[in-house]
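Novice: Take a look at this one; I'll ask things after.
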Amino acid sequence: MKIKSIRNIFALALILFTVYSCTGFEDGPKISFRSTGKKLCSTKWKIETATKNNTDITADVLSHFNFRLFFGGAKDTYGGTIITELIIYNTDDNGGAGFGDWNFATNDVYSSNYDDSKIDVQLLSFSGDTNTYYPFVKTQFIRYSIQRLTMKELWLQHTDSIGTEFFIKFKNS
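Its first residue numbered 226, the sequence shown is counted upward by one per residue in this note's numbering.
The following block contains the structure:
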(Lines of atoms letter the chains of each structure in order from A and count residues from 1; the text may use other names and numbers.)
(Lines give C-alpha, C1' and ligand atoms only; values in the text may rest on other atoms or scores of the structure.)
Protein backbone atom coordinates (compact mmCIF):
# COMPACT_ATOMS: atom_id res chain seq x y z
CA MET A 1 0.00 0.00 0.00
CA LYS A 2 2.79 2.43 0.91
CA ILE A 3 4.72 1.64 -2.31
CA LYS A 4 1.58 2.21 -4.39
CA SER A 5 0.96 5.66 -2.92
CA ILE A 6 4.64 6.64 -3.38
CA ARG A 7 4.39 5.51 -7.01
CA ASN A 8 1.21 7.55 -7.51
CA ILE A 9 2.80 10.65 -5.96
CA PHE A 10 5.86 10.21 -8.17
CA ALA A 11 3.69 9.80 -11.28
CA LEU A 12 1.67 12.92 -10.40
CA ALA A 13 4.85 14.93 -9.78
CA LEU A 14 6.28 13.77 -13.12
CA ILE A 15 3.12 14.77 -14.98
CA LEU A 16 3.02 18.21 -13.32
CA PHE A 17 6.70 18.79 -14.02
CA THR A 18 6.21 17.84 -17.67
CA VAL A 19 3.17 20.10 -18.11
CA TYR A 20 4.76 23.17 -16.52
CA SER A 21 8.15 22.74 -18.13
CA CYS A 22 6.75 22.60 -21.67
CA THR A 23 6.02 26.31 -21.84
CA GLY A 24 7.95 27.58 -24.84
CA PHE A 25 6.64 31.13 -24.78
CA GLU A 26 5.88 33.61 -22.04
CA ASP A 27 2.14 33.71 -22.76
CA GLY A 28 1.70 30.08 -23.78
CA PRO A 29 0.52 27.69 -24.85
CA LYS A 30 1.59 25.35 -22.07
CA ILE A 31 1.74 22.23 -24.26
CA SER A 32 1.95 21.93 -28.02
CA PHE A 33 2.42 18.90 -30.22
CA ARG A 34 3.36 21.02 -33.26
CA SER A 35 6.77 22.56 -33.68
CA THR A 36 7.23 26.31 -33.62
CA GLY A 37 8.20 26.27 -37.30
CA LYS A 38 5.07 24.38 -38.35
CA LYS A 39 2.76 26.74 -36.47
CA LEU A 40 4.54 29.84 -37.75
CA CYS A 41 4.69 28.67 -41.38
CA SER A 42 1.20 27.25 -41.68
CA THR A 43 -0.86 30.41 -42.16
CA LYS A 44 -1.04 34.04 -43.22
CA TRP A 45 -0.83 36.41 -40.26
CA LYS A 46 -2.75 39.71 -40.14
CA ILE A 47 -2.00 42.47 -37.62
CA GLU A 48 -4.74 42.59 -35.00
CA THR A 49 -3.28 45.05 -32.47
CA ALA A 50 -0.04 46.95 -32.00
CA THR A 51 1.28 48.88 -29.01
CA LYS A 52 4.29 51.10 -28.42
CA ASN A 53 5.23 51.38 -24.74
CA ASN A 54 1.71 50.14 -23.85
CA THR A 55 0.05 52.84 -26.00
CA ASP A 56 -2.30 51.52 -28.69
CA ILE A 57 -0.96 52.39 -32.16
CA THR A 58 -3.06 49.88 -34.12
CA ALA A 59 -4.86 52.43 -36.33
CA ASP A 60 -1.59 54.14 -37.24
CA VAL A 61 0.15 50.85 -38.03
CA LEU A 62 -2.74 49.60 -40.15
CA SER A 63 -2.80 52.86 -42.12
CA HIS A 64 0.78 52.08 -43.25
CA PHE A 65 0.79 48.27 -43.15
CA ASN A 66 -2.59 46.71 -43.84
CA PHE A 67 -1.12 43.45 -45.08
CA ARG A 68 -0.68 39.80 -44.17
CA LEU A 69 2.60 37.99 -43.61
CA PHE A 70 3.38 34.45 -44.68
CA PHE A 71 6.45 32.81 -43.19
CA GLY A 72 7.67 30.16 -45.63
CA GLY A 73 10.15 27.49 -44.72
CA ALA A 74 11.67 24.40 -46.35
CA LYS A 75 14.72 22.23 -45.86
CA ASP A 76 17.50 22.28 -48.42
CA THR A 77 17.86 18.77 -49.84
CA TYR A 78 21.66 18.97 -49.96
CA GLY A 79 22.84 20.58 -46.75
CA GLY A 80 19.75 20.25 -44.59
CA THR A 81 19.69 23.99 -43.95
CA ILE A 82 16.41 25.80 -43.55
CA ILE A 83 15.48 28.06 -46.46
CA THR A 84 13.13 30.81 -45.39
CA GLU A 85 11.08 33.41 -47.16
CA LEU A 86 8.69 36.08 -46.07
CA ILE A 87 5.84 36.92 -48.44
CA ILE A 88 3.77 40.04 -47.85
CA TYR A 89 0.22 39.80 -49.16
CA ASN A 90 -1.93 42.85 -49.65
CA THR A 91 -5.57 42.82 -48.63
CA ASP A 92 -6.62 41.37 -52.00
CA ASP A 93 -4.54 38.23 -51.27
CA ASN A 94 -2.42 38.46 -54.41
CA GLY A 95 1.03 38.54 -52.83
CA GLY A 96 2.15 41.68 -54.61
CA ALA A 97 2.94 43.83 -51.60
CA GLY A 98 6.50 42.64 -51.02
CA PHE A 99 8.85 40.00 -49.73
CA GLY A 100 11.61 39.47 -47.24
CA ASP A 101 13.51 36.94 -45.20
CA TRP A 102 13.25 35.50 -41.72
CA ASN A 103 14.99 32.94 -39.56
CA PHE A 104 15.02 31.65 -36.03
CA ALA A 105 17.52 33.64 -34.01
CA THR A 106 21.08 32.47 -33.34
CA ASN A 107 23.73 34.01 -31.16
CA ASP A 108 26.23 34.26 -33.99
CA VAL A 109 26.27 33.91 -37.77
CA TYR A 110 27.99 30.53 -37.81
CA SER A 111 25.88 28.87 -35.13
CA SER A 112 23.46 26.08 -35.93
CA ASN A 113 21.80 26.30 -32.51
CA TYR A 114 18.51 28.05 -33.21
CA ASP A 115 16.41 29.75 -30.54
CA ASP A 116 12.84 29.16 -31.70
CA SER A 117 11.46 31.67 -29.19
CA LYS A 118 12.97 34.53 -31.24
CA ILE A 119 12.84 35.36 -34.95
CA ASP A 120 14.83 37.77 -37.07
CA VAL A 121 12.73 39.43 -39.80
CA GLN A 122 13.96 41.53 -42.72
CA LEU A 123 11.76 43.26 -45.30
CA LEU A 124 13.63 43.32 -48.61
CA SER A 125 10.95 44.79 -50.82
CA PHE A 126 7.77 46.53 -49.80
CA SER A 127 5.55 48.88 -51.77
CA GLY A 128 4.95 51.21 -48.80
CA ASP A 129 7.27 53.54 -46.93
CA THR A 130 8.82 51.52 -44.12
CA ASN A 131 11.52 54.00 -43.12
CA THR A 132 9.02 56.12 -41.24
CA TYR A 133 7.54 53.33 -39.18
CA TYR A 134 9.78 51.32 -36.92
CA PRO A 135 9.88 48.28 -36.29
CA PHE A 136 8.84 47.59 -39.89
CA VAL A 137 11.87 48.78 -41.82
CA LYS A 138 13.48 47.58 -45.04
CA THR A 139 16.91 45.98 -45.41
CA GLN A 140 17.50 45.57 -41.70
CA PHE A 141 17.01 42.46 -39.57
CA ILE A 142 14.78 43.15 -36.58
CA ARG A 143 14.70 40.58 -33.75
CA TYR A 144 11.31 39.76 -32.29
CA SER A 145 10.59 37.60 -29.24
CA ILE A 146 7.66 35.25 -29.71
CA GLN A 147 5.41 35.74 -26.69
CA ARG A 148 2.57 33.47 -27.83
CA LEU A 149 2.18 31.17 -30.81
CA THR A 150 -0.83 28.99 -31.51
CA MET A 151 -2.45 28.01 -34.78
CA LYS A 152 -4.66 31.14 -34.49
CA GLU A 153 -2.45 33.69 -32.69
CA LEU A 154 1.06 35.08 -32.98
CA TRP A 155 2.29 37.68 -30.47
CA LEU A 156 5.62 39.36 -31.13
CA GLN A 157 7.57 41.73 -28.90
CA HIS A 158 10.53 43.91 -29.84
CA THR A 159 12.53 46.36 -27.74
CA ASP A 160 14.69 48.80 -29.69
CA SER A 161 18.10 50.18 -28.72
CA ILE A 162 16.63 53.04 -26.66
CA GLY A 163 14.19 50.85 -24.73
CA THR A 164 11.00 51.46 -26.70
CA GLU A 165 8.86 48.33 -26.50
CA PHE A 166 6.67 47.23 -29.40
CA PHE A 167 4.07 44.50 -28.96
CA ILE A 168 2.27 43.22 -32.06
CA LYS A 169 -0.55 40.70 -32.04
CA PHE A 170 -1.33 38.85 -35.24
CA LYS A 171 -4.27 36.58 -35.95
CA ASN A 172 -4.72 33.79 -38.44
CA SER A 173 -6.39 35.17 -41.55
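Where is the CB? At the ideal position from N, CA and C, for every residue including glycine.
1. Using three-state DSSP, classify A275 as helix, strand or coil.
2. If we count the other Cβ atoms within 10 Å of its Cβ and call it buried at 16 or more, is I231 buried or exposed?
3. In three-state terms, what does DSSP make of A284?
4. Distance, Cα to Cα, I393 vs K229?
5. When DSSP labels each residue in this structure, what does R232 get in the three-state scheme?
6. Thinking just about the alpha-carbon of each residue, which of G298, K271, F361 is nearest to the one in N291?
7. Output needed for F395: all residues of its chain with C-beta closer than 8 Å, excluding positions within five of it in sequence on either side, in chain order.
8. Tell me, please, which residues DSSP counts as bridged to A330.
9. So, is T389 buried or exposed, given that buried needs 16 or more other C-beta atoms within 10 angstroms?
10. State the CB to CB distance for the pair T309 and D326, rounded to an integer number of angstroms; the pair is presumed to be in contact (CB under 8 Å).
Specialist: In this structure, then:
1. Within the sequence shown, residue 275 is the residue found at index 50, counting from 1. Note: A275 maps to strand in three-state DSSP.
2. On the sequence shown, residue 231 is found 6 positions in, with the first residue counted as 1. When all chains shown are included, I231 counts as exposed.
3. The count along the sequence shown starts at 1 and reaches residue 284 at position 59. In the structure shown, A284 sits in a helix (DSSP, three-state: H, G or I).
4. Residue mapping note: residue 393 aligns to position 168 of the sequence shown, counting from 1. Residue mapping note: residue 229 aligns to position 4 of the sequence shown, counting from 1. Distance between the alpha carbons of I393 and K229: 49 Å.
5. Position 7 of the sequence shown, counting from 1, holds the residue named residue 232. Residue state, collapsed to three classes: helix.
6. Position 66 of the sequence shown, counted from the start, is the residue given in the question as residue 291. Nearest of G298, K271, F361 to N291, Cα basis: K271.
7. Here residue 395 refers to the residue found at position 170 when the sequence shown is read from its first residue. These residues qualify, in order along the chain: W270, K271, I272, E273, L294, E378, L379, W380, L381.
8. Reading the sequence shown from its first residue, position 105 is the one you call residue 330. Its beta-bridge partners are D340.
9. Position 164 of the sequence shown, counted from the start, is the residue given in the question as residue 389. Its Cβ having fewer than 16 others within 10 Å, T389 is exposed.
10. The residue labelled residue 309 in the question sits at position 84 within the sequence shown. The residue labelled residue 326 in the question sits at position 101 within the sequence shown. 6 Å between Cβ atoms; contact.
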